[in-house]
Amino acid sequence: KGHRVVYWTNEINTSFHVDPKIQIRRIFCPGVIGTVIFTLFTKFKSDVVLVDLVTMAYFVSWRNNKEKVLYLAQDYDTTYYRSRLLKHFINHCYRKVLRDLKIATVSVAWGLSDQLQKYQPFKLTTVPNGVDHNYFYRIQNIDAPYHPKKMSVILVFA
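And the structure:
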């Protein structure tokens, strides 16, 4: 029959159709700080809590059963920050989430999984993003992203 899906967010900014079966709920406090406060103090009444930042996985696990948390690793989160203090905190979160709390993790790339191995993850599954690198590859000696005689793929992630 499927599952009831509730999507908590601070911002709804999409031109895509959202299936009416998905409940979109707005976090009561705006901005990053609002998201952190919401995550720290909310006990989710659900079977699975899916998060896409290691810090959120760490925070969610404080108030929720850690077996309910699934961390979807889409990037190596330490790369977002210049501050050594923040990088240290993110590394701490990786150690806690992957090794100590043993939160199940799905990585979207083999290279990312290789990076996460240094934290000795308890349960790490790799599900590549689906781009066939044998078919889509960089065209040699070309500066522009488009070449009329070759197929090109441009991936844009936000």
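Per this note's numbering, the sequence shown starts with residue 947, numbered consecutively. From the three backbone atoms N, C-alpha and C, an ideal C-beta is built for every residue, glycine too. Please read all numbers here as calculations on a predicted model, not as lab measurements.
Taking the C-beta atoms as reference points, ALA1019 is found nearer than 8 Å to VAL1054. By the neighbour-count definition (other C-beta atoms within 10 Å, threshold 16), CYS1039 is a buried residue. Within a 10 Å sphere around the beta-carbon of LEU999 sit 16 or more other beta-carbons, which makes this residue buried. Taking the C-beta atoms as reference points, LYS1014 is found no nearer than 8 Å to VAL1043. Counting the other CB atoms within 10 Å of its CB gives TYR1027 a total below 16, which places it among the exposed residues. Ranked by how close their Cα comes to the Cα of ASP1021, the residues VAL997, GLU957, ILE970 and SER961 have VAL997 in first place.
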